[in-house]
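Colleague: The opening residue of the sequence shown carries number 2 in my numbering; numbering runs sequentially from there.
Each residue gets a CB set at the ideal place from its N, CA and C atoms; glycine is no exception.
The structure follows.
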Amino acid sequence: MAKLFLQVCLLHPAREAVARCPECRRCFCRECVVEHDDRLVCAACLRQLAQPKSAARLRLGGVLRVGAAAAGIVIAWVCFYWLGQMLLRTPSSFHEGTVWKKTFLDE
Ligand SMILES: [Zn+2]
Ligand SMILES: [Zn+2]
C-alpha cells in the first residue's frame with residue numbers, strides 16, 4: 002500500500018493517487034474514483050460497467066426472442082391449420098388408400 006501513495010493520479014498529475022482502479026489497474030485521486038459494487042473504480046471504467054446501452058440491447062434482444070417465439074408459434078399454427086384444410090379437402094378415397102391401389106394396379 003505504501004507504494005500506492007507515491008503514485009499520482011492519471012488525470013491530475015499534481016495530486017497523489019489514493020486508489021487504484023481494479024478494472025484498468027491505473028491510479029487515481031479521490032475525486033476521480035467512484036464507489037461501484039463496493040469497489041473504487043475510475044469514471045471511465047464506471048461508464049463501461051454501468052453502460053445503459055448494453056442493458057437496453059439485452060432487453061431488446063429478449064423482446065426479439067419472445068417475438069420470434071410467438072412468430073414461430075403462429076407460423077406453426079398456420080401450417081397445421083393449412084394442413085388440416087388440405088386433408089379436409091382431399092377426397093375420402095385418398096384416405097381409404099384407393100388412389101395408390103388404382104395406380105399400382107394400372108401398371
Ligand atoms: Zn479504471
Ligand atoms: Zn484525479
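Going by other Cβ atoms of all chains shown within 10 Å of its Cβ, with 16 needed for buried, is F6 buried or exposed?
Modeller: Here the question's residue 6 lines up with position 5 in the sequence shown. Low confidence applies to F6: its pLDDT is 49, below 50, so where it sits in the model is not reliable enough to give any reading.
Colleague: Contact check, A18 vs F29 under 8 Å by CB: the rounded distance?
Modeller: Mapped onto the sequence shown, residue 18 falls at position 17. Mapped onto the sequence shown, residue 29 falls at position 28. Confirmed, about 6 Å.
Colleague: To the nearest angstrom, how far is it from the Cα of R26 to the Cα of L61?
Modeller: By one-based count along the sequence shown, residue 26 stands at place 25. By one-based count along the sequence shown, residue 61 stands at place 60. Whole-angstrom Cα-Cα distance: 33 Å.
Colleague: Less than 8 Å between the CB atoms is what I'm expecting for A70 and L41, so what's the real figure, rounded?
Modeller: Position 69 of the sequence shown, counted from the start, is the residue given in the question as residue 70. Position 40 of the sequence shown, counted from the start, is the residue given in the question as residue 41. Not really, about 42 Å apart at Cβ, beyond 8 Å.
Colleague: Here's the rule: buried if 16 or more other CB atoms are within 10 angstroms of the residue's CB, otherwise exposed. What is V64?
Modeller: Locating residue 64 in the sequence shown gives position 63, counting from the first residue. With fewer than 16 Cβ atoms within 10 Å of its Cβ, V64 is classed as exposed.
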